[in-house]
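Asks:
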Amino acid sequence: KAIKETKRREVRGLAHNTFIYKSPARYAILIGFAHLGIDRAAQEYPPRNHWVASTHELFLVWESYLKNYDQPDSRLARHPLMELEPSRLQMSIPEELSCCLYDKKTNKLVFVVIRKFANHRSILDWAKRIVHRAVTTCKSIRLEDPGSLIQAMYSAGSRSAPSFGMVRNITAPLTQEEKDDANRNIASLFSYVWLRAKGLFPREIIADFVKFYDRYNIPRFDPEWPDSRTATGSIELPCDLGSVTFADVERSPGLGVLHDRYARAVHHERQGHKWALSWMSNRWGSRPDGGHFYLCTYALESRACEDSAWAWCPCEWHATGVSNFEPTFDIPEIFDEVHNQCGVAFVSSSRIGTVYKKWAKRHGLSGKEKVKRALAELD
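Heads up: the sequence shown begins at 21 in my numbering, then just goes up one per residue.
1. Using a Cβ-Cβ cut-off of 6 angstroms (strictly less than) and excluding sequence neighbours within five positions of H55, which residues of its own chain qualify?
2. Just checking my contact of V72 with V342 at CB under 8 angstroms: how many whole Å lie between their CB atoms?
3. To which residues of the same chain is V358 closer than 7 angstroms at the C-beta, ignoring the five residues directly before and after it?
4. Would F79 and E64 qualify as a contact pair, given that the criterion is a beta-carbon distance under 8 angstroms?
5. Determine the extent of the alpha helix (DSSP H) in which A62 is found, giving its start and end residues.
6. Should the stretch 85-94 be regarded as contacting the stretch 294-301, the criterion being three or more beta carbon pairs within less than 8 angstroms?
7. Less than 8 angstroms between the CB atoms is what I'm expecting for P273 and W214, so what's the real figure, rounded?
8. Just curious, the beta strand (DSSP E) that N88 is in, first and last residue?
9. Report the option in R382, R371 and Y318 whose CA atom is closest to the CA atom of S180.
10. Select from L96, S254, D350 and N205 the residue whose C-alpha is nearest the C-alpha of V269.
11. Run through DSSP, which three-state label would H359 get?
12. According to DSSP, is W214 part of a helix, a strand, or is it coil?
13. How would you call N203, buried or exposed, if buried means at least 16 neighbouring beta carbons within 10 angstroms?
14. Quick check on DSSP: helix, strand or coil for E197?
15. Tell me G253's beta-bridge partners as DSSP assigns them.
16. Could you tell me how far apart the beta carbons of F313 and S322 are, in whole angstroms, since I believe they sit closer than 8 angstroms?
17. Out of V367, D356 and W245, point me to the one whose CA is closest to H152's CA.
18. According to the neighbour-count rule (16 or more other Cβ atoms, all chains shown, within 10 Å of its Cβ), is A192 buried or exposed?
19. Exposed or buried, what is D145 when buried is set at 16 or more other beta-carbons lying within 10 Å of its beta-carbon?
20. Does the stretch 331-340 come close enough to the stretch 135-149 that 3 or more CB-CB pairs lie under 8 angstroms?
21. How many Å lie between E256 and I226 at the Cα?
22. Counting along the chain, where does the beta strand (DSSP E) carrying F131 start and finish?
23. What residues are listed by DSSP as bridge partners for P92?
24. To the nearest angstrom, how far is it from the Cα of V133 to the Cα of Y236?
25. Can you tell me the Cα-Cα spacing of V130 and P106, whole angstroms?
26. So the candidates are R98, I351 and N205; which of them puts its Cα closest to the Cα of Y282?
27. Name the two residues that bound the continuous beta strand (DSSP E) containing H338.
28. In angstroms with no decimal places, state the Cα-to-Cα distance between D228 and R98.
29. Could you tell me which of D242, R271, C259 and P222 sits nearest to W403, measuring between CA atoms?
30. With distance defined between alpha-carbon atoms, name the residue in L163, K199, A147 and D309 nearest to L96.
31. With a cut-off of 8 angstroms on the beta carbons, I'd call A147 and L220 a contact; round off their distance for me.
32. Whole angstroms is fine: what's the gap from K42's alpha carbon to S178's?
33. Taking the alpha-carbon positions, what's the P100 to G57 distance?
34. Just to check my reading of the structure: F266 and T38 have Cβ atoms closer than 8 angstroms, yes? What is that Cβ distance to the nearest angstrom?
35. Check E25 in the structure and name its three-state DSSP category.
36. Would the beta-carbon of G373 fall within 8 angstroms of that of G292?
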């Protein structure tokens, strides 16, 4: 009886945690959001096309490696490494602060960071397992960058052969059952992050994703695709006494990545939607350091910490700094003793809308979608 009551409490707790969008004000008050203004920098800092080391120690660790490592694509230019000068930053957001930043001149929202995003130890440990499984069985899409960036869910295919479909990046000898299990776990993880984001991030960020997916009718991520293309489904979440399954849950947007010890030089990019959203689920080690996020257009640093989520516009210059692990020890299968950090992000290809439109024109609707459309026409 005691075990059953404990399980019931866990289920209720997970339900309140997962479906926060139904009562977001309670959690927002609990963690405390700050609303701050910031000026657009006269010149981006850190500067364009530079790797960023937040300390002199990190600069020494990475300088030689970034000058000499074997480039997977020799056509790409090497980027220089710079040591951050904190005095040149307009703002550094500390690890304990959740805030929304607005451009002082236009009053437009430019950045959001939320600490204690999941605020649930079992969820964080579960996310860590899923990301680690992905980086040890799948190929990274950014071979020129430190760490791993694993594309998940749907893909627009390569530029030379565009085609909508499930990502095909598994390099490990997995059985079909293992592949299906991995997809179900990824679907549950991204759905969880999406539901939390709906309750915690400003409406305009969530609306941007929804508008983009609705505009092109891109399906939410269904792990049974293409046999099934549903907008709702079951997700399985961890608890101390096993797992909990919630039915008829809104599925997440269908494009994203999993990242592990990942860094990238200052860059900007065009995606399908205006905003991108990332969650650093885990950060651990004997002396974790670096790996901070920089919105260079505003000379802004957001300090990295476990269970932090943030949103930014990828068209602005931004970067993820190098972190405190030996670059030559960049082996996905092995956790680093000193520094590790991992998580997931909702990002997309700028080509996904047109690629999916062509795919849908060739393949039409699924059986369930045809029934749904027929019923809608009857109404």
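Cβ coordinates follow ideal geometry from the N, Cα and C atoms, glycine included.
Replies: In terms of the structure at hand:
1. C120
2. So it is a contact: roughly 7 angstroms between Cβ atoms.
3. Counting only Cβ-Cβ distances below 7 angstroms, and skipping sequence neighbours, we find G305, S306, R307, N344 and F345.
4. no
5. Premise fails: A62 is in no alpha helix (DSSP H) and is neither H nor E.
6. The stretch 85-94 vs the stretch 294-301: no contact.
7. 7 angstroms
8. Looking at the DSSP string, N88 is not in any beta strand (DSSP E); the run it does join, the alpha helix (DSSP H), is H76 to N88.
9. R371
10. S254
11. In the structure shown, H359 sits in coil (DSSP, three-state: anything other than H, G, I, E or B).
12. helix
13. Burial call: buried.
14. helix
15. V269
16. 4 angstroms
17. D356
18. exposed
19. exposed
20. The stretch 331-340 and the stretch 135-149 do not touch, with fewer than three beta-carbon pairs separated by less than 8 angstroms.
21. Cα to Cα, E256 sits roughly 23 angstroms from I226.
22. L129 to R135
23. P92 pairs with nothing; no bridge assigned.
24. 28 angstroms
25. CA-CA distance, V130 to P106, rounds to 21 angstroms.
26. I351
27. H338 to T340
28. 34 angstroms
29. Coverage of the chain is limited to positions 21 through 399, which leaves residue 403 absent and any answer about it impossible.
30. L163
31. 16 angstroms between Cβ atoms; not a contact.
32. Roughly 39 angstroms separates the two Cα atoms.
33. 31 angstroms
34. 7 angstroms
35. In the three-state reduction of the DSSP assignment, E25 falls in the helix class, which pools H, G and I.
36. yes
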